[in-house]
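Undergrad: Residue numbers (the numbering used here): 93 to 216.
The beta carbon of each residue, even a glycine, is placed where N, CA and C say it ideally should be.
The model shown is predicted, which means the values in this text are computed figures rather than measured ones.
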């Protein structure tokens, strides 16, 4: 899924850059001297091309925002994974500590029983 999304974004980027470049080239071509009617036509054409360039720029800005959002979400998910792993580690550590404490209590009880049996034994 991520691969398809990445390819889609690359294609959008490529398409928007090509459109922007073509419109800019056309805009430069309209910068010629001529009669008043020709100049008005070129001005109108320049306005249309400028609007198209702005649209391409807005599309690129949207794409950049999407990429930033995706990077931020991926960073957050990575941070969440790290926190989950740390929580697991702490839980395992607590379980280990409880097991050691229980083992210590059992060993102390067994030692007490052995001492009591030793000191109360007639074979001592």
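Less than 7 Å between CB atoms is the rule here; does residue 194 satisfy it with respect to chain B?
TA: Looking at the structure shown, chain B is missing, and only one protein chain is on hand.
Undergrad: Check whether the Cβ atoms of residue 145 and residue 112 sit closer than 7 Å, and answer yes or no.
TA: Contact flag set, yes.
Undergrad: With 16 other CB atoms within 10 Å as the buried threshold, where does residue 100 fall?
TA: Looking at its Cβ environment, which holds fewer than 16 other Cβ atoms inside 10 Å, residue 100 is exposed.
Undergrad: Using 10 angstroms around the beta-carbon of residue 164, count the other beta-carbons present and answer buried if the total reaches 16, otherwise exposed.
TA: Classification for residue 164: exposed.
Undergrad: To the nearest angstrom, how far is it from the Cα of residue 167 to the Cα of residue 107?
TA: Taking the straight line from one Cα to the other gives about 28 Å.
Undergrad: Taking DSSP as the reference, what is the three-state secondary structure of residue 188?
TA: It is helical.
Undergrad: CB residue 119 to CB residue 138, shorter than 7 Å?
TA: Yes. Within cutoff.
Undergrad: Check residue 122 in the structure and name its three-state DSSP category.
TA: Residue 122: coil per DSSP, three-state reduction.
Undergrad: Can you tell me which of the three DSSP states residue 181 falls into?
TA: Helix.
Undergrad: So, is residue 203 buried or exposed, given that buried needs 16 or more other C-beta atoms within 10 angstroms?
TA: Looking at its Cβ environment, which holds fewer than 16 other Cβ atoms inside 10 Å, residue 203 is exposed.
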